[in-house]
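Engineer:
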Amino acid sequence: MELKRTIKYESDRVKGFGREVMSVPGCEQLEHCIQCGTCSGLCPLSIFMDYTPRQVMELTRSDFKTEVLRSTTIWLCASCYACTVECPKQIRITDIMYELKQRAIHEGFYPKRFPIPVLAQEFYKMSHKRGRVTENFLATIMFLKTDILAALGMWRLGLNLLRRGRFPLKLEGIKRKSELERMMAVVDKLSIDALNNGHQTGGNGGRQHGAH
Amino acid sequence: MENETPPTSGNGSWSPRIIAFFCNWCTYTAADLAGVSRLKYAANTRTIRLMCSGRVDPQFILEAFAKGADGVLIGGCHPNDCHYAEGNYKMLRRFQLLKRMLKDLGIAEERFRLEWISAAEGEKVKSVINDMVKKITALGPLDLPGKVADWDREMTEPAPAVESAPVETEVAHA
Amino acid sequence: MKYSYFPGCSLKGTGRAYEESLLPVLKVLGVELEELDDWNCCGATAYMAVDEVKACVMASRNLAIAEKAGHKELLAPCSACYLVLNKTKHYLHESPVVEAVVQKALRQANLTYSGNTPVRHPLDLLVNNVGIEEIKKHVKHPLKGLKIAPYYGCQIVRPYATFDDQYNPTTMDRLLEAIGCTMVTYPLKTRCCGGSLTGTLPEPGLLCSYILLKEAITRGADVIATVCPLCQFNLDCYRDKMKGKWGHETIPDPRNKDARVPVGPHLDIPVVFFTQLIGLAFGLSEKELGLQRGFAPMRKPACAQRQSAAA
Amino acid sequence: MDKVNGNHDVRIGFYVCNCGTNIAAMVDVQAVAKYVAALPNVVVSRDYKYMCSDPGQELIQKDIKEFGLNRIVVAACSPLLHEHTFRSAVEAGGLNPFFFHMVNIREHDSWVHTDRDEATAKAKALARAGIRRVARHRALEVKKVPVHPDVLVVGGGIAGIHAALTLAKSGKKVYLVEREPSIGGHMAKFDKTFPTLDCAACILTPKMSEVGAHENITLWSYSEVVKMDGYVGNFKVTVRRKPRYVLEDLCTGCQECISHCVYKEPKFPDAFNEHLGKRKPVYIPFPQATPQVVLIDPEVCLNFRRGVLTDKCKKPCVEACGDRKAIDFKQKEELKEIKVGTIIVATGFKTFDVGRMPQYGYGRYPNVYTALEVERLVNASGPTAGDVLLRDGHHPKSIGIIHCVGSRDKNTNRWCSRVCCMYSMKLAHLLKEHTEAEIYNFYIDIRAPGKGYEEFYDKLLEEGVHFIRGRVGEVTDWAFIPEEEGKLVIRVEDTLAGVVRRIPVDMVVLATGLEPHADAQNVRRLFNMSCGTEGFFLERHPKLAPVNTFTDGIFLAGCCQSPKDIPDSVAQAGAAAAEALVLIDTGHIEQEPNTAYVVEAECSGCKSCIPLCPYTAISLLPDKKKAYINEALCKGCGTCVAACPSGSIVQNLFEDAEIFSEIDGLLEPTSV
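Chains as they are written, first to last, in the numbering used here: chain A, 454 to 665; chain B, 104 to 277; chain C, 2 to 312; chain D, 348 to 1019.
So, in structure tokens, the structure goes:
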């Protein structure tokens, strides 16, 4: 029988983390959480999560940053918004999950070869670079980066898709890629400015894209 | 000198002074509720309690501006909720007339405001006052007494010699 | 009325059949579409997990191009695109800070965003603009007796219930009833299909999809009708895996109440886009409607057979 | 500039209250006192810990004598709270009570600001204005108005019943007006009451009969108040009595008419039984109904067609009634006008409309019930005679009770309804007793803060009722595994265990919250009251005047003020009755002398004030061609004063000169 220490000390908290999340537009209502569990009760995926959505809300509010950003919960959220529309305190739980995912990616808080953040980032890169996403290429890249064996297991699906004309062999893209690049550069510059002005506080440094 | 110095513009310490006329039944009670609920709002209003917003005489408003108020706020019960049946409607009529008149006097409309605030709306007292203070701060001091003094001077002091001479000759010709 | 049309990436790839059926159906109904010039990825959900502001910039580039195109409204058939575009509109409305960033970025492309172009879903358009009565006029082969499990998925009713009821949406029910179908009671109309999890974490993702298929079968549906390319993909393309995992589970026999049968063979229930069903009723060919692209394809003869059996 | 400067007769005493630290923490009270001391005509200026305390009041009285003060200003809390206290103190000190002015530096200053300098500056300005104003005050006489000894109680639930009986027993005449055909309210529908499990009917019925029989109570059921005029002590109220088509005085309650109705079987949904049972077109709401008088529903009676008399039925009911001749199909609604001195509003609540939360499946799944339906279902005189038979014909083996339906939810009602936890536990106990089913309570927090309530919770735990801390997201009927087939499935997070559970049950009970009546806003206007944000009637002070309203002479009792249980409703009804008795036994009320009068010499007789007055208090004296204000009718709003073009109308307590000096005082630069 393996014994596990479950106590939490005050030093385990990253003080200010909860406040920081609650200051993001859309996440403010978290302060009103009464831990009723409606979110977990409705979440179709809560049965696979290490912490239920309700627990993630409380851990976030109580500054347990590491526990939250390492949890499987934030990645299992499929953004169906069932919790958000039913929350009796109108907490936008899905949006908070997005916020936590962003923080986990930017601060490198997830296991290597964990497919969900890899997919998110590959999606990000592809749509950023090409302006559009070609799903089968995206999936292939993801499998190559995470689990080549799984990719082998998917060959039948690929073949079936190909046979039905649902597996494009050419990467899609927009015409004015440079236009999109310029637009994104503006956002990058603004967020770096904001960083320098100290708007982004706490944590292990600010937002850096593509952390691995 | 005491803490409260007369508001002055330019040195950054100026903040507006707003006279508020609140009806006893709704808005004054709402302001009491804001207090009991410990809501926090800007300290720029000074409230005068009246039994009904219908009691607000246009002269009160003019007097307030003339004595240096930067804004005047009137609070009454919501339409159909007046404790005296329809005093608030009477105020509304006066308010609309007065607003036009004040505009002609060069007083921006943000400085003169009528709000329906029920006894339950402590939150609204806070938001209305904060909003009004924000808007008037952006406008800067009104300083009607100063302006009136200027006008008085223009009316009474002899006009500058250069301009007065031709006028006199014109009169002489006529 | 002419609409700007935002197909989104899926409708050019795995969800081709949606576009293939949507366009001819709208053509029959006289709705004109103009594909958005050089549209880009909507910003979708995976993008939001990385950088919400950039996702907003991507979405608003599309919105701004639509405004420039001059049509009053933008049609977005994919649920994820529909939500992301609408969410961006809400977000920009709520947060002046984000809006300022977006406007600044848009200026790089000589675009501006005013927020005046509503984003519409084809269901909304068909029911509220074209109208059920008009659609009925074009029905040549009513799909009489075809029992449908209407599956709406999450993102067209949550978090914004813009054109339908959040708990019990009925626009698709009404449309499909108009072309002769029968709706089975389907309590999972808006339950999550697992989204992109089916590809990343098959265990929970597939379970979500499997629950939807199984319930449709238990309720006696012949066909599942969907409105979203990802839902369709999830329900349609992983049957082999589901059969392997859960095919041995039993359900009450739809024909004999007291007996139980394994669910496996029943999992081959066709999963189609609602537009494909409408197209069939309009007399369009299977091929035109992309029906051959389904893993468990529903062919017109199958439906005709049912009709004769019912008769 | 300062017109007051020269007035050496005015000697003002100024007192600034610390209110413990409530004021002193944010306002530098000593600085305020020091500042005011230097203002013209101020003779004494002090700060004191609690001005409203006896020593505080005595301080004022002592100073009046010692320094010959003739005006008093107190800067403290809201005048709505303590103006009366200080006026009395001033009067006891030998001054006219209206030589007093109160400045609000707590609710309007120290409690709402965060910068001590700003708050102190504001307090000084407010105090200065008060000093300027009080110098203008004149001596006024309090007007005494007699109080009519009769009382109107609106609403015949347990609160109204208790208030009416209390007053009647002390010899006062009471009109009890109830909208429904019988008094009893929600309590009459309950089976048992928590936590003692007294049978609701057993404790309520005697009180109902007492009301029906009491010589001092005029009971008007099936009636509504439609109009109220007048003021404290002298209200004029119009009551509409809806036609029952049965003459109350002649009906003996024998119910022969019901058994002889052409409808042999009850056919129409019975509202008293929450539509679970049926009744005939002629009916009595429930066996213990008070008054024991039947009524006829014109919407379904064959003798009417959509409410209009057709005389198409052969009327066996009339025949059965025979010589008593109590049935009168031609009965019309009646308007009654009464005079009362005080009014107690006890109009109660309505339960939350579960249709607003479709996720719980009410209406879609037959075995989902509201709590009130279950009250009838477990009641021995209910539609199933106490047998818990579900709508689908089965007896439940497992039951889920969902708490907080329409409570603590920003999407519906934000407030806690206070009684649901307890009544859910009561229903759990009763259902267990009736069915021996497995019972699950799904709760967010158990709120059992009453006498014997926690013990009741303990008892339930002992009985093996399950308590799962988690708010239910939805109730569905789809099965994930075979054990769930044919059941209602509740998926919930057991938040204490930290796991998500799926629980199949046969019956779901929704513990609906309490909310204001749909027409509460109309009732509020009718009686000139206020509503809080939730829509419940607003009490004058949440702690110190919980049964008073902002309109003198009108009191609140029961759930129309906020959700409460039976003991609290009864206690509040008693308090409201006591407040009414105070007024009645005093015999008169003192009215604020804030009426207006015309200075004849300045009136031009333009008549512009006359149409402005909502109370028709102003008329034109025909001989003098001057306006005249009837002081008895004037309510003191001051609208005419503000509108008079010649400034010839004066409002006592709010004279132009007083307000101008207040404005001047507020805006005068603070320089010492």
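Where is the CB? At the ideal position from N, CA and C, for every residue including glycine.
What does Tyr168 (chain C) touch in chain D if you count any residue whose Cβ is under 7 Å from its own?
Structural biologist: Ordered by position in chain D, the residues that pass the 7 Å Cβ test against Tyr168 (chain C) are Pro705, Gln706.
Engineer: Is the distance from the Cβ of Ile359 (chain D) to the Cβ of Ile452 (chain D) below 7 Å?
Structural biologist: Result no, Cβ atoms of Ile359 (chain D) and Ile452 (chain D) do not sit closer than 7 Å.
Engineer: What are the residues that DSSP puts in a beta bridge with Phe582 (chain D)?
Structural biologist: In DSSP, Phe582 (chain D) forms a bridge with D:Gly577, D:Val687.
Engineer: Check whether the region 604–616 of chain D touches the region 525–542 of chain D, counting contact only when three or more Cβ pairs, one atom from each stretch, lie closer than 8 Å.
Structural biologist: Contact fails: fewer than three Cβ-Cβ distances are below 8 Å.
Engineer: List, from N- to C-terminal side, the beta strand (DSSP E) runs of 3 residues or more that fit wholly inside the region 138–185 of chain C.
Structural biologist: Runs of the beta strand (DSSP E) inside the region 138–185 of chain C: 148–151.
Engineer: Quick check: what's the CA-CA separation for Thr130 (chain B) versus Glu646 (chain D)?
Structural biologist: C-alpha separation (whole angstroms): 45 Å.
Engineer: Just to confirm the assignment, what range does the beta strand (DSSP E) spanning Phe274 (chain C) have?
Structural biologist: Run containing Phe274 (chain C): 272–274, per the beta strand (DSSP E) assignment.
Engineer: Should Tyr48 (chain C) be flagged as near chain A, meaning a C-beta pair shorter than 7 Å?
Structural biologist: Output row for Tyr48 (chain C): interface = yes.
Engineer: Could you say if the region 765–779 of chain D and the region 905–916 of chain D meet the contact criterion of at least three C-beta pairs nearer than 8 Å?
Structural biologist: Cβ pair count under 8 Å is three or more, so yes.
Engineer: Using three-state DSSP, classify Phe215 (chain B) as helix, strand or coil.
Structural biologist: Looking at Phe215 (chain B) - three-state DSSP - the assignment turns out to be strand.
Engineer: Output yes if chain A places a C-beta closer than 7 Å to the C-beta of Asp700 (chain D); else output no.
Structural biologist: False, the Cβ-Cβ gap to chain A never drops below 7 Å.
Engineer: Strictly below 7 Å CB to CB, what residues from chain D border Glu216 (chain C)?
Structural biologist: Here the neighbours are Trp825.
Engineer: Who are the near neighbours of Pro269 (chain B) in its chain, counting only those whose CB is closer than 6 Å to its CB and skipping five residues on each side?
Structural biologist: In this prediction, Pro269 (chain B) has a pLDDT of 42, which is less than 50 and means its spatial position is unreliable; what the coordinates show is noted afterwards. Cβ within range, chain order: n/a, list empty.
Engineer: Return the chain-ordered list of same chain residues with a C-beta closer than 6 Å to the C-beta of Asp223 (chain C), the five sequence neighbours on each side being excluded.
Structural biologist: Closer than 6 Å at Cβ, skipping near neighbours: Leu147, Lys148.
Engineer: Taking the C-alpha atoms as reference points, what is the distance between Ala172 (chain B) and Leu247 (chain B)?
Structural biologist: Each residue's Cα considered, the two are about 8 Å apart.
Engineer: Could you work out which residues of chain A lie near Gly817 (chain D), taking near to mean beta carbons separated by less than 9 Å?
Structural biologist: In chain order: Cys489, Gly490, Thr491, Ser493, Gly494, Arg507.
Engineer: Cβ closer than 9 Å: which chain A residues qualify as neighbours of Val839 (chain D)?
Structural biologist: Those are Gly490, Thr491, Ser493, Gly494, listed as they occur along chain A.
Engineer: Please name the residue in C:Lys288, C:Thr15, C:Glu287, C:Ala282 whose C-alpha comes closest to that of Leu176 (chain C).
Structural biologist: Per the Cα distances, C:Ala282.
Engineer: Leaving out five residues before and five after Glu438 (chain D) in sequence, what residues of the same chain have Cβ atoms less than 7 Å from its Cβ?
Structural biologist: Pro444.
Engineer: Could you check where the beta strand (DSSP E) with Leu523 (chain D) kicks off and where it finishes?
Structural biologist: Unbroken beta strand (DSSP E) run through Leu523 (chain D): 521–524.
Engineer: Would you call Ile460 (chain A) buried or exposed, if buried means 16 or more other Cβ atoms sit within 10 Å of its Cβ?
Structural biologist: Exposed, by the Cβ-count rule.
Engineer: Give me the chain B residues within the contact set of Phe1026 (chain D), using Cβ-Cβ distance strictly less than 8 Å, ordered along the chain.
Structural biologist: Given a span of 348 to 1019 for chain D in the structure shown, any question on residue 1026 (chain D) remains unanswerable.
Engineer: Taking 7 Å as the CB-CB cut-off, is Ser524 (chain A) touching chain D?
Structural biologist: With 7 Å as the cut-off, Ser524 (chain A) does not count as an interface residue toward chain D.
Engineer: Check the Cβ-Cβ distances between Tyr192 (chain B) and every residue of chain D, and say whether any is below 7 Å.
Structural biologist: No, Tyr192 (chain B) does not count as interfacial toward chain D.
Engineer: For Leu124 (chain C), count the other beta carbons within 10 Å of its own beta carbon; 16 or more makes it buried, fewer makes it exposed. Which is it?
Structural biologist: With 16 or more Cβ atoms within 10 Å of its Cβ, Leu124 (chain C) is classed as buried.
Engineer: Does Lys490 (chain D) come out as helix, strand or coil in the three-state DSSP assignment?
Structural biologist: If DSSP states are grouped into helix, strand and coil, Lys490 (chain D) belongs with the strands.
Engineer: Is it buried or exposed for Arg149 (chain B), if we count other Cβ within 10 angstroms and need 16 for buried?
Structural biologist: Buried is the call here.
Engineer: For Arg848 (chain D) and Leu126 (chain C), what's the separation of their Cα atoms in angstroms?
Structural biologist: Taking the straight line from one Cα to the other gives about 40 Å.
Engineer: Buried or exposed: where does Gln998 (chain D) fall if 16 or more other Cβ atoms within 10 Å of its Cβ makes it buried?
Structural biologist: Gln998 (chain D) is buried by the Cβ-count criterion.
Engineer: Strictly below 9 Å CB to CB, what residues from chain B border Pro961 (chain D)?
Structural biologist: Correct list: Cys185, Tyr187, Ala188, Glu189, Gly190.
Engineer: Would Arg626 (chain D) be called buried (16 or more neighbouring beta carbons within 10 Å of its own) or exposed?
Structural biologist: Answer is buried; the Cβ neighbour count reaches 16.
Engineer: Exposed or buried, which one is Met104 (chain B) when buried takes at least 16 other CB atoms within 10 Å?
Structural biologist: Here Met104 (chain B) scores only 37 on pLDDT, less than 50, and its place in the model is too uncertain to base an answer on.
Engineer: Could you pull out every residue in the same chain whose Cβ sits closer than 7 Å to the Cβ of Asn114 (chain B), ignoring the five residues on either side in sequence?
Structural biologist: Because the pLDDT of Asn114 (chain B) is 42, which lies under 50, any placement of that residue in the model is unreliable, and the question is left without a value.
Engineer: To the nearest angstrom, report how far apart Leu551 (chain D) and Gly921 (chain D) are at their CA atoms.
Structural biologist: Computed Cα separation, rounded: 16 Å.
Engineer: Can the beta-carbon of Thr689 (chain D) be found closer than 7 Å to that of Gly900 (chain D)?
Structural biologist: A contact, by the Cβ cut-off of 7 Å.
Engineer: Does the beta-carbon of Val274 (chain B) have 16 or more other beta-carbons within 10 angstroms, so that it is buried, or is it exposed?
Structural biologist: Interpretation of Val274 (chain B) is limited by its pLDDT of 40, a score under 50 that renders its predicted location unreliable; no figure is taken from the coordinates.
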